[in-house]
Each structure stands twice: as C-alpha cells, then as structure tokens.
Amino acid sequence: MEGMNDFEKEETRDFKGNRKSRNINAWLESSQFIKEVDYKNKYYLESLCHHIAAFLKNVPVPIISSFDSKHKSIYLIIGKDKKFFPLDEDISYYDMITCMKQWAMDYYPKYEVSVLKEIPLTDEEIMALVKNGMDLNDALVQKKEESLKEIGIIEKVFIKEDKFILSRNGEKELRISGVSLKQPMPLSKFMESVRRIRDWNEKKKFIEENSTFEKFLPSVKEVYVNYSDNQMLNFFSINYKDLRDHQVIVDPSDPLSFKIGKFRIKFDSRLLRDDCLAYLEKRKMVEKKKA
-3 MEGMNDFEKE
7 ETRDFKGNRK
17 SRNINAWLES
27 SQFIKEVDYK
37 NKYYLESLCH
47 HIAAFLKNVP
57 VPIISSFDSK
67 HKSIYLIIGK
77 DKKFFPLDED
87 ISYYDMITCM
97 KQWAMDYYPK
107 YEVSVLKEIP
117 LTDEEIMALV
127 KNGMDLNDAL
137 VQKKEESLKE
147 IGIIEKVFIK
157 EDKFILSRNG
167 EKELRISGVS
177 LKQPMPLSKF
187 MESVRRIRDW
197 NEKKKFIEEN
207 STFEKFLPSV
217 KEVYVNYSDN
227 QMLNFFSINY
237 KDLRDHQVIV
247 DPSDPLSFKI
257 GKFRIKFDSR
267 LLRDDCLAYL
277 EKRKMVEKKK
287 A
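Position 243 (the sequence shown) corresponds to 239 in my numbering; numbering is contiguous.
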C-alpha cells in the first residue's frame, strides 16, 4: 500500500525488526508511533487513534488498520476490501468512528428472513368476530399469524466475556455464545462459524441454537453534541440518516439547544444553528423530490 509507514508492520515485527505475534492494530495505541509520525497535530491524532482502537476491539469482523503517512489517512481493511479515512480535524472523534462504522457494517454478520408471528387482531377484526357471534372476551384474546421481516445483525462482540450484541429489527439483546450459561462456546469459534454460513435462515438458526439470551439492552442512548463551527456542520452531514426522521424539538429555556432523536444538540451561535437546520431541511427536500 503506497505511503504505508513502518508502523503497519507491527502485525509481524516489533520496532527493532524482531518477529512477534500480537494485536495487529497495536500501533493505534503506540506512543512510539505518535512520537515518530509526521503529522502536525499529534494531540488530535493520538486521541483519534485511541477512539479507533476502542472501536476495533468490539467489531464482529476482523479489521486491520494502517496509517498512510503520504496521504495522512487511516486505512481500514476487511478481507480484500479497504477504505481510507483522511485525517480531518473538522470531523469529531465520534463522527469519524461513525464514518468507519457506516462502512464496516456492510460486512457485519447479518441475516434477513421472513418469520411467522402471532399478533393481536385489529379493532375492526375483533368487531367482525363479535358480529359473527363470538363472545367479546373471547374475541379480545384471539391472535392472527402474519409474515414479518426480521433483520438480525451482530453489532458488537466482547471476546473475553464470550458475549455479543444481536440487533433484531433495532431491538438489541445481549447474548452469550454457547447453549447455556454453564456451557459457553468460545466466542471466537462461534463467530467463525457464523461468518461461514451463507444461507440467512441457517445463520439465524445457528445463532439462536448456539447462544443464550441474557438480557435486552436499551436501543437508544442519548448523545450530547456541542461542537463548534465546521465540526457541527459535518456532524449534520455524517449523521443525517439518524436525524432526518425525527422531530426537531427546541428547548423552551434555551433557543440554542435542541433534541433531535437520540441527539441533544447545543449550538454555539444562532448563525450556526440556522445553517445546520437549513442544511437538514434542504437535504430532506432533495430526498423528497427524488422519491
């Protein structure tokens, strides 16, 4: 890879050239890398690298990271595919990780299947049964089967605990690899098997039969955003899909504070507020015209 420096060789050798086996992404937390790298703002780079290292420790697919000293970019490699992320101090650490996650999620283990589920009858269906002679109390407990789409995706793994987070249609659950809490399967072995299965129905079946449900997790955690200038503008661009479908709620006690979905946003100025909200509305209008 053009421009790659010596630190990307850490997967096989140490800084003295000796062969070793260790975390291939260890350079992200290497003080020697920060000391020797040619980059103007090493404070920014060091903090960004720590955020990336934390992100990579929990991804459900093997990702190799590298630094391109020529183009001042960080590369992520999954299998034969790679994506570069130019260093940009106008993008917050949170949003840089969001960009990386948006790309990497296409490779996360997932399935999409149709499942039959029992759901309550509508009011109209209940009244129709009553009109046909069924007792109201009996009609109220009737169910019907409906084919629903289930999208499952393994979003995070915790190797040391043999646990992972499975999202089903956005509802997150913490599971333990293995048929029971007393008989865990090493998560590394579990994930290898999951990645090998191509058929979506078989993948869903394997996950359910070879892991144990522990608990449901909150789907949304509030994120506080108080960036300045270009970082805030980039936030609206990068996170547009998480913003577009939510109402913009103004804090009645502060005209510069807003709630949009999971984000609680504090603007530095009225001009920045107006530009960001105008961008959001303009992009919605463009999407609406294309639909």
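For every residue, glycine included, the Cβ atom is placed at its ideal position computed from N, Cα and C.
The structure displayed is predicted, hence computed values, not measured ones.
Apart from sequence neighbours up to five positions away, the residues of its chain that approach S215 with a beta-carbon distance below 7 Å are G166, E167, K168, ordered along the chain. In the DSSP secondary-structure assignment, V57 is not bridged to any residue.
Around the beta carbon of M123, fewer than 16 other beta carbons lie within 10 angstroms, which makes this residue exposed. For the pair F231 and V221, the CB atoms are nearer than the 8 Å cut-off. Checking the DSSP bridge columns, you'll see T94 has no partner listed. Listed in chain order, the alpha helix (DSSP H) elements of length 4 or more contained wholly in the segment 110 to 182 are 119 to 127, 132 to 136. Listed as beta-bridge partners of Y220 by DSSP are R260. I30: member of the alpha helix (DSSP H) spanning 27 to 32, first to last residue.
Ranked by Cα distance from F81, the first of Q138, Y71, I87, Y90 is Y71. Of all C-beta pairs linking the segment 103 to 121 to the segment 149 to 160, three or more are shorter than 8 Å, placing the two stretches in contact.
Your pair V153 and M181 does not check out as a contact, with CB atoms roughly 13 Å apart and the cut at 8 Å. Note on geometry: alpha-carbon atoms of R240 and I30 lie some 38 Å from one another. Counting only residues of its own chain and dropping the five nearest sequence neighbours on each side, D131 has no CB closer than 8 Å to any other CB. In terms of Cβ geometry, E120 and W196 do not form a close pair [threshold 8 Å]. The Cβ-Cβ distance between I193 and L162 does not fall below 8 Å.
Judged by their CB atoms, M228 and L273 are not nearer to each other than the 8 Å cut-off. In this structure, the straight-line span from the alpha carbon of V244 to that of V126 is close to 43 Å.
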